[in-house]
Amino acid sequence: MIALILISEVVLLALLAAALGILSAADGAVPHISRGRGRRLAESDRRGAAELDALLEHPGRLVAATALMRALAYVIASASIGWVLLNLASLPQVWATLAVGSLLGLLVVFVFAEALPRTFAVQNPERVALSAAPIATAFVTVLYPVAKLLGVGWTALVGLVADEHAVDAWVTPDELRSGGNGDEDATTREEAEDAIIDAVADFTSKIVREVMVPRTDMVCLEDTATVGDALDLIEESGVSRLPVYHDTVDDILGVLYAKDLLIFLGRGSVDAQLSKIARAPYFVPETKPVEELLIEMRSKTHIAIVADEYGGTSGLVTIEDLLEEIVGEIFDEYDVAEQMMVDIGEGRMLIDGRTPIGDLNEAFGTDVELEADSVGGLFIEIAGRIPDAGESIEVEGLRITVREVEGNRIRRVVVEPAAAPTERGAEND
Numbered sequence: 027m028i029a030l031i032l033i034s035e036v037v038l039l040a041l042l043a044a045a046l047g048i049l050s051a052a053d054g055a056v057p058h059i060s061r062g063r064g065r066r067l068a069e070s071d072r073r074g075a076a077e078l079d080a081l082l083e084h085p086g087r088l089v090a091a092t093a094l095m096r097a098l099a100y101v102i103a104s105a106s107i108g109w110v111l112l113n114l115a116s117l118p119q120v121w122a123t124l125a126v127g128s129l130l131g132l133l134v135v136f137v138f139a140e141a142l143p144r145t146f147a148v149q150n151p152e153r154v155a156l157s158a159a160p161i162a163t164a165f166v167t168v169l170y171p172v173a174k175l176l177g178v179g180w181t182a183l184v185g186l187v188a189d190e191h192a193v194d195a196w197v198t199p200d201e202l203r204s205g206g207n208g209d210e211d212a213t214t215r216e217e218a219e220d221a222i223i224d225a226v227a228d229f230t231s232k233i234v235r236e237v238m239v240p241r242t243d244m245v246c247l248e249d250t251a252t253v254g255d256a257l258d259l260i261e262e263s264g265v266s267r268l269p270v271y272h273d274t275v276d277d278i279l280g281v282l283y284a285k286d287l288l289i290f291l292g293r294g295s296v297d298a299q300l301s302k303i304a305r306a307p308y309f310v311p312e313t314k315p316v317e318e319l320l321i322e323m324r325s326k327t328h329i330a331i332v333a334d335e336y337g338g339t340s341g342l343v344t345i346e347d348l349l350e351e352i353v354g355e356i357f358d359e360y361d362v363a364e365q366m367m368v369d370i371g372e373g374r375m376l377i378d379g380r381t382p383i384g385d386l387n388e389a390f391g392t393d394v395e396l397e398a399d400s401v402g403g404l405f406i407e408i409a410g411r412i413p414d415a416g417e418s419i420e421v422e423g424l425r426i427t428v429r430e431v432e433g434n435r436i437r438r439v440v441v442e443p444a445a446a447p448t449e450r451g452a453e454n455d
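Using the numbering used here, you'd call the opening residue of the sequence shown number 27 and step up by one each time.
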């Protein structure tokens, strides 16, 4: 009889350790998977990707389920091992036996069901997350309601015994958002918060090509230029980092930082060659997800050269460009605000050709989706050629008229509802 009970205890401990191990592995791996990466995995139909995406959508549920399973495992393991020792060991005191059993139970569960699975998960987050997600999701479905119910009960108990003055000392999330001013300007703040949340959601689905400074807008210097040439260009353009190239912009040798020129300026050595001063460039493909690049830029460089599929230079991107996708334009004391979209009345807008198509859709409530990233590129894609000023196209109920062309680039266009008349004399003021 005792042997049968012992076997049952061992099986129970093994099942508990396995369940907690899976949840611990998932809990250790999931925080290392970004929300955007989870969506892309789900779209790829990889095994476990759909469940992983669901766990990423509600990460708190996995944490709560893991905590509940951990508590159950520790209690049951301690009691089981204590009972086994009590029946098999010759310890003189019952309490000593139970104490030793509890310690052994905690040690076994911690090492084999928590420490080892978590360590492996952190080292292989994506593989572990995909493998553990289906079973972890099943456990979460069962355990989370129980954990939530226990949490509600605990909150109610704390509310009964808490000192109301101590509670008042805490700042609520709403008070924190409002800066302690009650509901004043609450609507404006909520709109700003919603805008940032939407921007973050969009950010996770963007690639570098959508946010980079295009090649034609890059301010660069040839490697034969001198420190004096660089200082003049920095003063003229207002940039603080200059790509340095050899012969063509497709052959970037490095990036010159304005602060690196200070030592030469102090010495009066304005004839030094830039190729000896420029730092090694950091290249990224134009299809790289921007969220991955932002993580890399936190520990590496704050500027990257964007390479196209043929190895040529497509543009450049800075950490400021990435942050602006979330919080909007960032201007320092030297920047001059440049309006990309200007309302010129009667439902018409004067728009810079570099304006992203997404901004056009947002302004006019349309859903234009083409290969091009900018409004100027959209016009060229539809027209099939470089247009002249005054030419128009219609797309998604909008009429887009070229206002200004510079070389092979559309500088500005006028956008209006297609039902509206074409450009009026007032536009030519």
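For every residue, glycine included, the Cβ atom is placed at its ideal position computed from N, Cα and C.
Residue i versus the options, residue with shortest Cα-Cα distance
i: Ser301; options: Glu83, Leu287, Ala44; result: Leu287
i: Val265; options: Val253, Ala284, Asp277; result: Ala284
i: Ile329; options: Ala304, Val281, Glu351, Gly433; result: Val281
i: Ala139; options: Tyr100, Asp255, Val172; result: Tyr100
i: Ile345; options: Ile331, Gly338, Tyr336, Leu320; result: Leu320
i: Ala162; options: Glu77, Ile289, Leu268, Val310; result: Glu77
i: Met366; options: Gly402, Leu247, Val310; result: Gly402
i: Leu42; options: Met375, Met95, Ala141; result: Met95
i: Leu156; options: Val368, Leu404, Arg66; result: Arg66
i: Gly177; options: Gly337, Pro382, Asp71, Arg87; result: Arg87
i: Asp258; options: Leu291, Tyr336, Leu81; result: Leu291
i: Pro240; options: Ala40, Ala398, Ala409, Val56; result: Ala398
i: Thr167; options: Lys232, Leu81, Asp228; result: Leu81
i: Glu517; options: Arg72, Ala93, Val56; result: There is simply no residue 517 to check, as the chain begins at 27 and stops at 455 in what is shown.
i: Gly337; options: Thr274, Asp378, Thr392, Gly371; result: Thr274
i: Ala93; options: Leu169, Gly433, Met375; result: Leu169
Within 8 Å, strictly: CB atoms of residue i and residue j
i: Glu312; j: Asp334; result: yes
i: Phe136; j: Ala45; result: no
i: Ala298; j: Val270; result: no
i: Thr339; j: Asp276; result: yes
i: Pro151; j: Ile59; result: yes
i: Val316; j: Glu350; result: no
i: Pro171; j: Gly74; result: no
i: Leu342; j: Ile331; result: yes
i: Ala173; j: Ala51; result: no
i: Glu417; j: Val428; result: yes
i: Glu388; j: Leu396; result: no
i: Val440; j: Phe405; result: no
i: Leu268; j: Val234; result: no
i: Ile383; j: Val394; result: yes
i: Ala97; j: Asp79; result: no
Span of the alpha helix (DSSP H) around residue i
i: Ala75; result: 75-83
i: Arg324; result: 316-325
Neighbourhood of residue i by C-beta, 6 Å cutoff - its chain only, sequence neighbours within 5 removed
i: Arg435; result: none
i: Arg380; result: Ser400
i: Ile260; result: Ala284
i: Ala251; result: Leu300
i: Gly54; result: Arg144, Ala147, Val148
i: Asp385; result: none
i: Ser263; result: Val245
i: Phe309; result: Ile331, Ala333
Close Cβ partners of residue i (< 8 Å) along its chain, the five nearest in sequence each way excluded
i: Asp189; result: Residue confidence for Asp189 is low, a pLDDT of 45 falling below 50, so the modelled location carries little weight; the figure read from the coordinates is stated next. Excluding positions up to five away in sequence, the list is empty.
i: Leu279; result: Asp249, Val270, Tyr271, His272, Ser301, Ala304, Pro307
i: Val431; result: Ile412, Pro413, Asp414, Ala415, Arg437
Spatial neighbours of residue i in its chain, beta-carbon cut-off 7 Å, leaving aside the 5 residues before and after
i: Ala444; result: Glu420, Gly423, Leu424, Arg425
i: Leu183; result: Note that Leu183 scores a pLDDT of 48, beneath 50, so its modelled location is shaky and nothing firm can be said.
i: Ala256; result: Leu247, Leu268, Leu282, Leu287, Leu300
i: Val237; result: Val316, Val343, Asp347, Leu348, Glu351
Run of the beta strand (DSSP E) containing residue i, from where it starts to where it stops
i: Arg429; result: 424-432
i: Arg72; result: Element bounds for Arg72: n/a, residue is neither H nor E.
i: Val137; result: First-last for Val137: undefined, no H or E at that position.
i: Val440; result: 435-443
i: Glu420; result: 418-421
i: Val310; result: 309-311
- Item | beta strand (DSSP E) runs contained entirely in the segment 333-410, provided each spans 3 or more residues | 339-344, 367-371, 374-378
- Query: Hey, which unbroken runs of the alpha helix (DSSP H) at 4 residues or more fall wholly within the segment 142-170?
  - Reply: 142-149
- Message: Please give the ranges of any alpha helix (DSSP H) in the segment 234-305, keeping only runs that are unbroken, at least 4 residues long and fully inside the region.
- Response: 234-237, 253-263, 288-293
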